[in-house]
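Sequence positions in the sequence shown follow mature numbering (1 follows the signal peptide of the UniProt record, and there is no 0) and run -30 to -1, 1 to 436.
Glycine included, C-beta positions come from ideal geometry on N, C-alpha and C.
Report on one structure; see the data block that follows.
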Amino acid sequence: MNSRPLLRSGATASGLALACGLVGAVPAQAQPAAPTDDPAATVSGPIETTDDSYPFMSPEGPEVPPIEAGEPIEVDLGAHDYVEEEFFLRGTAEHYDSDTGEAVDSSPYTTRMVVRRPAEAADFSGATFLEWNNVSFGQDIEIDWSTSNEYLMRSGHVWVGLSAQRVGVDALRDWDPDRYGDLDVGGPELDDAPAFDILSQTARALRSPEGVDPLPGLDVEEIIATGHSQSARYLASYHNDVHPHHGEIDGFLIHGAPTELEESRTPVMRLMAEGDVRSRLGSEEEDSTYFRRWEVAGTSHVAHKDYLTFAPLISREFPDTSPQECDRPPLSRVPFHYVQNAAYDHLVDWVTKGDAPPKAPRLEWEGFTTPSRDAHGNRLGGIRLAEHEVATALNDGVNSGDPFCFLQGAHIPFDDATLEELYPKRGHYLLAVNRSVNEAKRDGYLLREDAHESRRAAWQVDHDWW
């Protein structure tokens, strides 16, 4: 473990540092989270929602504007018989020494969480996904919800989005002072030290609430913590330094961040887009009894589906937002969310049944930082969905241009001559797609529902020469 006086992590947008593997031998049996006598956050709410006051970036809020990248994806909670409620959380958060795990200070806090849950208790799966909201762009973004909301709702899982960090909480106060004026997790001098205990206290409140029950009638059996990029870095630090002492979380998804993970008796998956893996060293991180690393070829740190879900909400809340100007057409179209859905599903089984996810092939490299690519420029190795394996475009994990373009990857369709050479007959194309879909599903990287969507999309493809 690196020596540092208080828990803190960098707030950069992406995982660009080199990843190190899990160290040491892993114990033979996982230990599920158990109730503790430590304090839980005191919950109040649900906070009233009106036409003029609603949860930040709520899919139930006002109509979203059009965006440059395509038709906005608007999540319909009601169609899945889901409800959204927002709650405030209050307590005193301890600040921990990362080397000893001992509390060295404390501070009061008031923050918020958004809960999206089945309207009927009978539809609840028992699994709750607790997302550490990303604040890379200066406000809360629910990245993993944007990625996997369809899976979460069709599976009956609860999703909870937590505002743990000062940047996000301060932005909420500025955005709607009437609604969020009381929120405060401390000033910059604390460097987000309270955030780690806030996560633990929130998890306790979901199982054994103080004050209002945010999940009335729902018996939480397991809590899986999830975070993307900047928030995944914090979550990795939490896993390493706080979780061993608190034990509130049953499983972790570390999405799009290479932060070193220490040995654990709790299931952990690290899920990486192609654009997240910048050297062979990262791809050499070893799987173990309670750790899996998956790398998805052809995918970008910010996925197309995610962007079409969260970017319209950002534009609604901040009308002056302008898109990034990238050197190449941005946003890979390889559906990263299919693999994240499968990872989530495996995590639930891992936590509840002890069934570990399959191991996955890693991205291939020609040199330490030189990726292996095919004749069309597409990446070799890794988890290969049909949209990448049976390519109709260059889908790259990186881009250049404005500051955040490197996160968006690139999508450049093949010209007709190339497509006709690759797929002279419709049947050839559909056969190749079906074979690739079946392989990904068989190997555990694609769920049945998403396999159906992949095949359906292929059937809609048409060309003049067919």
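Close Cβ partners of residue i (< 7 Å) along its chain, the five nearest in sequence each way excluded
i	result
residue 267	244, 333, 349, 351, 352, 353, 354 and 358
residue 91	187 and 188
residue 4	Confidence in residue 4 is poor, its pLDDT being 48 and thus under 50, which makes the residue's placement unreliable; the coordinate value appears in the next sentence. Cβ neighbours of residue 4 beyond the five flanking positions: 217.
residue 361	346 and 348
residue -8	Confidence is the limiting factor: at residue -8 the pLDDT is only 22, short of 50, which leaves the residue's position unreliable, though a coordinate-based value still follows. Excluding positions up to five away in sequence, the list reads 232 and 233.
Residue i burial status per 10 Å Cβ neighbour count (16 or more: buried)
i	result
residue 135	buried
residue 382	exposed
residue 306	buried
residue 434	exposed
residue 124	exposed
residue 256	exposed
residue 226	buried
residue 436	exposed
residue 109	buried
residue 166	buried
residue 420	buried
residue 157	exposed
residue 209	buried
residue 340	exposed
residue 137	buried
residue 309	buried
residue -3	Its pLDDT being 31, under 50, residue -3 is placed unreliably in this model, and the value from its coordinates should be taken loosely. So residue -3 counts as exposed.
residue -6	Because the pLDDT at residue -6 is just 25, under 50, the model does not fix this residue reliably, and the point stays unresolved.
residue 54	buried
residue 162	buried
residue 328	exposed
CB-CB length for residue i against residue j, believed under 8 Å
i	j	result
residue 132	residue 172	5 Å
residue 199	residue 311	Wrong, their Cβ atoms sit about 18 Å apart, outside the cutoff.
residue 265	residue 197	With a Cβ gap of about 18 Å, residue 265 and residue 197 do not count as contacting.
residue 277	residue 427	At roughly 18 Å, the Cβ-Cβ gap does not stay under 8 Å, so residue 277 and residue 427 are not in contact.
residue 184	residue 175	7 Å
residue 317	residue 194	5 Å
residue 407	residue 416	7 Å
residue 287	residue 107	At roughly 11 Å, the Cβ-Cβ gap does not stay under 8 Å, so residue 287 and residue 107 are not in contact.
residue 116	residue 279	4 Å
residue 34	residue 119	Not confirmed; about 15 Å, so no contact.
residue 229	residue 207	7 Å
Cβ-Cβ distance between residue i and residue j below 9 Å
i	j	result
residue 153	residue 139	yes
residue 380	residue 168	no
residue 322	residue 191	yes
residue 283	residue 28	yes
residue 52	residue 87	yes
residue 180	residue 16	no
residue 377	residue 304	no
residue 274	residue 302	yes
residue 94	residue 114	no
residue 64	residue 85	no
residue 251	residue 338	yes
residue 145	residue 237	no
residue 82	residue 142	yes
residue 147	residue 155	no
residue 127	residue 314	yes
residue 36	residue 21	no
Pick from the options that is closest to residue i, judged by C-alpha positions
i	options	result
residue 330	206, 155 and 253	253
residue 262	80, 414, 399 and 62	414
residue 258	247, 294 and 240	240
residue 151	207, 80, 219 and 208	80
residue 214	170, 294, 385 and 340	170
residue 299	207, 364, 204 and 112	364
residue 182	21, 14 and 356	14
residue 61	73, 96 and 78	78
residue 325	411, 260 and 230	260
residue 285	356, 384, 111 and 74	111
Residues near residue i in its chain [Cβ-Cβ closer than 8 Å; skip 5 each side]
i	result
residue 336	342
residue 41	278
residue 429	400
residue 220	2, 3, 192, 193, 194, 236, 237 and 321
residue 411	417, 418 and 421
residue 395	436
residue 89	51, 52 and 53
residue 47	29, 30, 53, 54, 86 and 123
Sequence-distant residues of the same chain with beta carbon closer than 6 Å to residue i, five excluded per side
i	result
residue 149	23
residue 270	243, 245, 302, 367, 378 and 379
residue 297	370 and 371
residue 431	none
residue 374	294
residue 50	123
residue 76	62 and 64
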